[in-house]
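One structure is given below, encoded as structure tokens.
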Amino acid sequence: MKEANPSGVFHDVHDIRVLDKEVPEITDDSVIIKVEMTGICGTDLHIYHEGLVPQGSVLGHEFCGELVEVGKDVKDLKVGDRVVVNPMYNGVGLGPSPGGFAKFVKIDKAKANHNIYVIPDTISSEKGALVEPFCVGLAAINKTQLTAKDNVLVSGCGTIGLVTIAGLKSKGVENIIASDISEKRLELAKTLGAKYTFNPKTDGSLKDKVTELFGSVMALDYSGKLPNLTAAFECSGVSALFGQCLELLAPDGKLTVLAIYSKDMTISPNHVVYKRLQIRGSLFYSNEDFLEAIDLMDKGIVDLTPIVSHHFPLTDLPKAFEVQSDSSQSVKVIVDSI
């Protein structure tokens with residue numbers, strides 16, 4: 000394959016460059032994907048602002064594309080298949096293996112429904128670039144094991160908070176309150192399934208709001224009445240909001256944490272003990288999460304395209320990172336390789 004392969008290369012903090020790289024060569028157990036679109040993730044921003052990967056790494060792990068070469072030992076995949084990738088198996092776009100901010104990317108040890116997933120034509124390139132982040136939200140929900148009767152707070156309405164809201168709605172959860180300081184993101188939260196929204200800049204006390212909406216419960220082993228908040232998903236990465244979730248949750252409540260925090264924090268463990276809270280972190284996903292995400296998007300049950308605020312061509316990748324870094328003007332930035 001003698002085409003050019005422009006690639007988004009991490010050079011240094013706040014310095015990502017589009018350089019010409021060689022098109023990867025096929026091997027017996029690999030596939031070559033011609034990339035269509037790739038999303039800029041919060042992890043990409045951490046790398047962009049803090050380093051974290053070796054110089055020369057090609058970033059981008061939220062992408063879809065078309066198979067243009069398939070190794071002879073790869074089963075159940077063929078040239079022409081449109082696919083998405085589980086990047087965690089090979090560290091694709093995360094340092095160990097080159098990622099989707101490129102025209103072509105190679106996936107080693109390719110295996111259908113393991114690290115490569117075929118997507119139907121009902122899922123556009125734009126939607127395909129949103130499958131991987133949707134899996135992050137779905138995985139957290141599936142681990143938390145909620146019912147339709149749960150009262151749920153989603154704290155932080157960036158991409159992960161928004162896809163979590165969409166996932167909750169798809170599973171029949173109705174009482175969802177979304178909290179964020181951006182009215183634009185709160186409107187998106189409503190579009191994707193939040194029944195209520197809260198802006199701490201303008202709406203007073205979240206505790207009072209949750210109590211008003213969901214009622215209160217008396218905790219026999221805890222002082223006073225508490226909001227009847229049975230689950231919370233902390234997606235903001237703001238340390239104070241982690242503690243706020245612990246404070247607001249009712250006895251036997253569940254806190255699932257999807258955010259990455261830049262600093263250590265101090266919390267009150269008594270909230271956890273007295274109220275018998277369950278706290279879990281959620282970062283990765285399973286094959287089942289990928290298949291579920293694709294199925295929900297294929298059937299039109301979930302449409303995440305409203306969160307896409309910008310598209311940039313691959314040649315403008317540095318500008319795309321600047322815009323994605325400014326939460327006041329962007330929600331989800333997609334980079335187009337086609």
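Residues in the sequence shown are numbered from 0 upward in steps of one, following numbering that gives the first Met the number 0.
All C-beta atoms, glycine included, are put in the ideal place defined by N, C-alpha and C.
For residue j and residue i, the rounded distance between their alpha carbons
i: residue 152; j: residue 101; result: 37 Å
i: residue 82; j: residue 32; result: 8 Å
i: residue 130; j: residue 116; result: 10 Å
i: residue 89; j: residue 107; result: 7 Å
i: residue 232; j: residue 250; result: 16 Å
i: residue 247; j: residue 195; result: 16 Å
i: residue 173; j: residue 142; result: 18 Å
i: residue 336; j: residue 276; result: 45 Å
i: residue 253; j: residue 144; result: 9 Å
i: residue 229; j: residue 150; result: 5 Å
i: residue 310; j: residue 240; result: 31 Å
i: residue 262; j: residue 67; result: 43 Å
i: residue 112; j: residue 127; result: 15 Å
i: residue 197; j: residue 12; result: 34 Å
i: residue 204; j: residue 176; result: 13 Å
i: residue 291; j: residue 20; result: 35 Å
i: residue 215; j: residue 285; result: 36 Å
i: residue 138; j: residue 294; result: 14 Å
i: residue 122; j: residue 132; result: 15 Å
i: residue 297; j: residue 303; result: 12 Å
i: residue 182; j: residue 2; result: 44 Å
i: residue 57; j: residue 148; result: 44 Å
i: residue 24; j: residue 4; result: 12 Å
i: residue 91; j: residue 325; result: 25 Å
i: residue 38; j: residue 224; result: 43 Å
i: residue 47; j: residue 10; result: 9 Å
i: residue 26; j: residue 319; result: 32 Å
i: residue 269; j: residue 75; result: 52 Å
i: residue 308; j: residue 55; result: 28 Å
i: residue 42; j: residue 71; result: 34 Å
i: residue 124; j: residue 271; result: 43 Å
i: residue 327; j: residue 114; result: 34 Å
i: residue 257; j: residue 321; result: 23 Å
Selected residue, minimal CA-CA separation from residue i, among the options
i: residue 192; options: 208, 166, 200; result: 166
i: residue 283; options: 87, 276, 269; result: 87
i: residue 279; options: 58, 318, 164, 255; result: 255
i: residue 316; options: 36, 3, 24, 2; result: 36
i: residue 53; options: 23, 21, 8; result: 8
i: residue 103; options: 320, 6, 297, 264; result: 6
i: residue 161; options: 260, 136, 147; result: 136
i: residue 146; options: 242, 94, 168; result: 168
i: residue 171; options: 306, 46, 300, 294; result: 300
i: residue 79; options: 236, 181, 237, 118; result: 118
i: residue 209; options: 109, 15, 178, 14; result: 178
i: residue 49; options: 273, 15, 91; result: 15
i: residue 22; options: 58, 105, 322; result: 105
i: residue 164; options: 140, 182, 183; result: 140
i: residue 109; options: 34, 47, 30; result: 30
i: residue 217; options: 273, 71, 75; result: 273
i: residue 265; options: 238, 202, 271; result: 238
Residue range of the beta strand (DSSP E) that includes residue i
i: residue 241; result: Run containing residue 241: none in the beta strand (DSSP E); it sits in the alpha helix (DSSP H), 238-247.
i: residue 134; result: Not the beta strand (DSSP E): residue 134 falls in the alpha helix (DSSP H), residues 130-143.
i: residue 324; result: First-last for residue 324: undefined, no H or E at that position.
i: residue 84; result: 81-84
i: residue 91; result: Where residue 91 is concerned, there is no enclosing beta strand (DSSP E), given that its DSSP letter is neither H nor E.
i: residue 227; result: Neither: residue 227 is in no beta strand (DSSP E) and is coded neither H nor E.
i: residue 271; result: Premise fails: residue 271 lies in the alpha helix (DSSP H), 268-274, not in any beta strand (DSSP E).
i: residue 11; result: 4-11
i: residue 278; result: 277-280
i: residue 106; result: 103-106
i: residue 66; result: 61-69
i: residue 262; result: It is not in any beta strand (DSSP E) - residue 262 carries neither H nor E in the DSSP assignment.
i: residue 209; result: Premise fails: residue 209 lies in the alpha helix (DSSP H), 205-213, not in any beta strand (DSSP E).
i: residue 338; result: Since the first residue of the chain shown is 0 and the last is 337, residue 338 is not available in this structure.
i: residue 20; result: 14-20
Whole-Å CB distance - residue i paired with residue j, under 8 Å assumed
i: residue 28; j: residue 73; result: 6 Å
i: residue 17; j: residue 212; result: Actually they are not in contact, since the Cβ atoms of residue 17 and residue 212 sit about 48 Å apart, beyond 8 Å.
i: residue 84; j: residue 77; result: That belief does not hold up - the Cβ atoms of residue 84 and residue 77 are roughly 16 Å apart, past 8 Å.
i: residue 245; j: residue 267; result: 7 Å
i: residue 306; j: residue 185; result: Their Cβ separation, rounded to whole angstroms, is 13 Å, which puts residue 306 and residue 185 out of contact at 8 Å.
i: residue 288; j: residue 40; result: So it is not a contact: roughly 16 Å between Cβ atoms.
i: residue 236; j: residue 259; result: 6 Å
i: residue 93; j: residue 323; result: No, residue 93 and residue 323 are not in contact; Cβ-Cβ is about 17 Å, not under 8 Å.
i: residue 180; j: residue 200; result: 5 Å
Run of the alpha helix (DSSP H) containing residue i, from where it starts to where it stops
i: residue 286; result: 286-297
i: residue 169; result: 158-169
i: residue 127; result: 124-127
i: residue 35; result: Residue 35 -> not in any alpha helix (DSSP H); beta strand (DSSP E) instead, spanning 30-38.
i: residue 304; result: Counting along the chain, residue 304 falls outside any alpha helix (DSSP H), and DSSP gives it neither H nor E.
i: residue 46; result: 41-49
Heavy atom of the ligand ZN within 8 Å of residue i beta-carbon
i: residue 239; result: The ligand ZN is not part of the structure shown, which contains no ligands of any sort.
Using a Cβ distance threshold of 8 Å, determine whether the stretch 96-111 contacts the stretch 58-66, with at least three qualifying pairs required.
yes
Counting pairs of Cβ atoms below 8 Å between the stretch 316-332 and the stretch 141-158, do you hit three or more?
yes
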